[in-house]
Amino acid sequence: MKKLIFATSNEEKMKEIREILADGDYEILSMAQAGFRVDVEENGATFEENARIKAQAVHDVSHTLVLADDSGLEIDYLNKEPGILSARYMGENTSYQVKNAKLLERLQGIPMERRTARFVCAVAAVFEDGRCVTVRETMEGYIGYEARGDNGFGYDPIFYMDPEGPSNSQLSMEEKNRLSHRGKALKAMKKELL
69 MKKLIFATSN
79 EEKMKEIREI
89 LADGDYEILS
99 MAQAGFRVDV
109 EENGATFEEN
119 ARIKAQAVHD
129 VSHTLVLADD
139 SGLEIDYLNK
149 EPGILSARYM
159 GENTSYQVKN
169 AKLLERLQGI
179 PMERRTARFV
189 CAVAAVFEDG
199 RCVTVRETME
209 GYIGYEARGD
219 NGFGYDPIFY
229 MDPEGPSNSQ
239 LSMEEKNRLS
249 HRGKALKAMK
259 KELL
């Protein structure tokens with residue numbers, strides 16, 4: 069079984085990644101599990117650039133196959149905010165409960181048809197030979213009027229694919245992995261790995 073390092077320390081994300089890539093022929097390790105601690109400055113202008121920066125930084129010290137993602141929420145009414153700054157929106161140490169409440173407040177009084185949004189995920193792979201491949205996928209939807217559910221993480225409680233349906237946090241993990249931006253991007257990357 070080949071080793072694959074996923075450049076993240078987010079255990080919730082690692083759980084998702086392992087479920088989606090479970091049928092591959094890889095032992096999937098987080099940076100901590102692989103014994104690497106790399107501080108990466110995500111200074112790219114796009115999700116793709118940030119994913120490549122992270123993957124390359126970990127590859128430079130590990131010399132093995134590395135995957136990294138950069139993902140976030142784009143809200144059309146807010147000029148695609150929080151965008152590539154999704155994790156750092158209102159400060160890195162601000163809870164998502166506070167971030168979600170702030171976004172709902174900023175959208176107060178805005179009708180559903182103008183609350184369009186998407187989750188974006190870019191996944192970059194840097195192979196042993198240094199070759200880099202990047203894929204990008206989205207999950208289109210809306211920002212609801214309230215946060216609901218506790219199955220997801222991040223902005224999941226305020227994101228709805230269908231205004232009348234459940235929030236991402238109300239979906240089962242299987243449903244979310246099948247429909248999500250990260251699930252689709254990892255499936256696209258799985259084809260590249262084969």
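Counting in the working numbering, the sequence shown runs without a single skipped number right up to 262 at its last residue.
We put the beta carbon where it would ideally sit given N, CA and C, even for glycine.
_Can you tell me where the alpha helix (DSSP H) holding G251 begins and where it ends?_
For the purposes of this step, residue 251 is taken as residue 183 along the sequence shown, with counting starting at 1. Where G251 is concerned, the enclosing alpha helix (DSSP H) starts and stops at 249-261.
*Distance, Cα to Cα, R86 vs D137?*
Indexing the sequence shown from 1 puts residue 86 at position 18. Indexing the sequence shown from 1 puts residue 137 at position 69. If you take the alpha carbons of R86 and D137, they lie about 14 Å apart.
*May I ask you to verify whether the region 238-251 touches the region 185-199, counting CB pairs closer than 8 Å and requiring at least 3?*
In short, these stretches touch, since the Cβ pair count reaches three.
*asked:* Suppose you measure from the CA of L254 to the CA of G92; what does that come to, to the nearest Å?
replied: Within the sequence shown, the letter at position 186 stands for residue 254. Within the sequence shown, the letter at position 24 stands for residue 92. Straight-line Cα distance between these residues: approximately 11 Å.
_Between the region 206-219 and the region 232-239, can you find at least three pairs of beta-carbon atoms closer than 8 Å?_
Contact holds: three or more Cβ-Cβ distances are below 8 Å.
*Comparing alpha-carbon positions, which option in I88, F74, T162, E242 lies nearest V106?*
Position 38 of the sequence shown, counted from the start, is the residue given in the question as residue 106. The residue with the shortest Cα to Cα distance from V106 is F74.
_Rounded straight-line distance, which links the Cα of V166 to that of I46_ = In the structure displayed, the chain extends from 69 to 262; residue 46 sits before or after that span and is not available.
*Which partner residues of R156 appear in the DSSP bridge assignment?*
Counting from 1 along the sequence shown, the entry for residue 156 is found at position 88. Paired residues: none, contrary to the question.
_Cut-off 7 Å between Cβ atoms - residues of its own chain near L262, not counting five sequence neighbours on either side_ = The residue labelled residue 262 in the question sits at position 194 within the sequence shown. Correct list: empty, nothing qualifies.
_Proximity below 9 Å, CB of Y210 to CB of Y228_ = As a working note, residue 210 is residue 142 in the sequence shown. As a working note, residue 228 is residue 160 in the sequence shown. In this structure, the beta-carbon distance from Y210 to Y228 falls below 9 Å.
*Indicate whether E260 and A190 have their beta-carbon atoms separated by less than 9 Å.*
Position 192 of the sequence shown, counting from 1, holds the residue named residue 260. Position 122 of the sequence shown, counting from 1, holds the residue named residue 190. Contact flag unset, no.
*Do S154 and S139 come within 9 Å of each other at the CB atom, strictly closer than that value?*
Taking the sequence shown and counting its residues from 1, the one referred to as residue 139 is at position 71. Taking the sequence shown and counting its residues from 1, the one referred to as residue 154 is at position 86. Going by C-beta atoms, S139 is nearer than 9 Å to S154.
_Our contact map puts F195 next to L133 with C-beta atoms below 8 Å; I'd like the distance itself, whole angstroms only._
One-based indexing of the sequence shown puts residue 195 at position 127. One-based indexing of the sequence shown puts residue 133 at position 65. Going by Cβ atoms, the distance from F195 to L133 rounds to 6 Å, so yes, they are a contact pair.
*Can E110 and I152 be called in contact, C-beta distance under 9 Å?*
Taking the first residue of the sequence shown as position 1, residue 110 is located at position 42. Taking the first residue of the sequence shown as position 1, residue 152 is located at position 84. Yes.
*Where the beta strand (DSSP E) through L97 begins and ends*: As a position in the sequence shown, residue 97 is number 29, starting the count at 1. L97 -> beta strand (DSSP E) spans 94-98.
*Sub-9 Å separation of A123 and C200 beta-carbons*: In the sequence shown, the residue the question calls residue 123 occupies position 55. In the sequence shown, the residue the question calls residue 200 occupies position 132. Yes.
*Alpha carbon of K71 to alpha carbon of I88, nearest angstrom*: Residue mapping note: residue 71 aligns to position 3 of the sequence shown, counting from 1. Residue mapping note: residue 88 aligns to position 20 of the sequence shown, counting from 1. K71 and I88 have their C-alpha atoms some 16 Å from each other.
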